[in-house]
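In this text, residue positions in the sequence shown follow the numbering used here: the first is 9, and each later residue adds one.
What follows is a set of notes on a single structure, which appears directly below.
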Amino acid sequence: MPDLGLGPDGTTVIDYGARTFTVGFDEQLRPYVLDADGKRRKDLPRSWSAEEFTSLFIEHPLVWHLARRLVWTADHTAFRVAEDRTCADVQDEPFALPRDAAVRLAHPVHLAPAELAAWAELFADYEIVQPLRQLGRPVAALTAEEAAGHRLHRFEKHTVPVGRLLGLTKRGWRRGEPQDGGVEGWIHKPLPNGSHLVIEIQPGIAVGYVNEFGDQSFEAVWLGAMPDGYWPNGREYRDRLGDLDPVTVSELLADLEELTAD
């Protein structure tokens, strides 16, 4: 079996220049990240300094081919990496990356509709094919009622094939812990703020034979501090969907809308 570049302890170090992180795997082969102090993090950093972005993306002999096919943001300005490794804005004018900028991959939720359309047109003009769905990514938002609460009632009582439901595991969702009889009663998505979006399902998924019970009905969909069954009368749910960042919300809703679409 290939060792994937891991050391004897099953870890490897990812070097971001000024910052380093240790990546390893638990007993279920799920990855985890430790910072330089050995503290476990929720995820890898999602932003880079201008110096890090220049050295790790623009100047990298391979990564820059991916970087130039995406839209980035430096604080509040969107830009791309041009063919000559300089930066340009949506008007195709030169853009000087500020030295103190935090560079992130742009999400459509942070771009105005007109700006998003302009970027799509620019990429089409240059015949740039994106390595992932970025500019064409669906954008979704909570209703005022949903933002004030912790449940997503619009997705409850939907019934989906178990295979389609398990497809969420390719997008970072995790199957619940087996309960009585080895049946998993929920599936959940760990979120950057430490909470979880949980879907309680019936009749549940049998661990040894996932197709045994067939289609799964969504009994409850909610935001909670931990992944487990929903207890409306036995627990106070203080997490509010409106406290999540817009990108997280959009990605969650897009997953659920696709999952429950006819």
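Just so it is clear, CB atoms sit at the ideal spot from N, CA and C, and this is done for glycine as well.
Because the structure is a prediction, the values reported are computed rather than measured.
What does DSSP give as the partner residues of residue i in its beta bridges?
i	result
residue 225	167, 210
residue 57	110
residue 215	Note: residue 215 sits in no beta bridge, so no partner.
residue 231	205
Express the C-alpha separation of residue j and residue i in angstroms, rounding to a whole number.
i	j	result
residue 104	residue 174	44 Å
residue 112	residue 250	22 Å
residue 187	residue 172	22 Å
residue 216	residue 100	55 Å
residue 218	residue 181	16 Å
residue 7	residue 148	Absent from the structure is residue 7, since the part of the chain shown begins at 9 and ends at 270.
residue 123	residue 132	14 Å
residue 62	residue 93	9 Å
residue 196	residue 40	17 Å
residue 117	residue 235	27 Å
residue 127	residue 98	6 Å
Around the Cβ of residue i, are there at least 16 other Cβ atoms within 10 angstroms (buried) or fewer (exposed)?
i	result
residue 22	exposed
residue 14	exposed
residue 326	Residue numbering for the chain in the displayed model covers 9 to 270; residue 326 lies beyond these limits and cannot be assessed.
residue 36	exposed
residue 263	buried
residue 108	exposed
Could you say which of the options lies nearest to residue i if we only look at CA atoms?
i	options	result
residue 95	58, 117, 122, 202	58
residue 184	204, 200, 115	204
residue 229	239, 220, 223	239
Taking 8 Å as the CB-CB cut-off, is residue i touching chain C?
i	result
residue 168	Considering every chain present, this structure includes no chain C. It has just one protein chain.
Whole runs of the beta strand (DSSP E) within the stretch 15-101, excluding any shorter than 3 residues:
As summarised for the stretch 15-101, the continuous beta strand (DSSP E) elements at least 3 residues long and confined to that stretch are 20-23, 28-33, 39-42, 80-82, 85-89, given in chain order.
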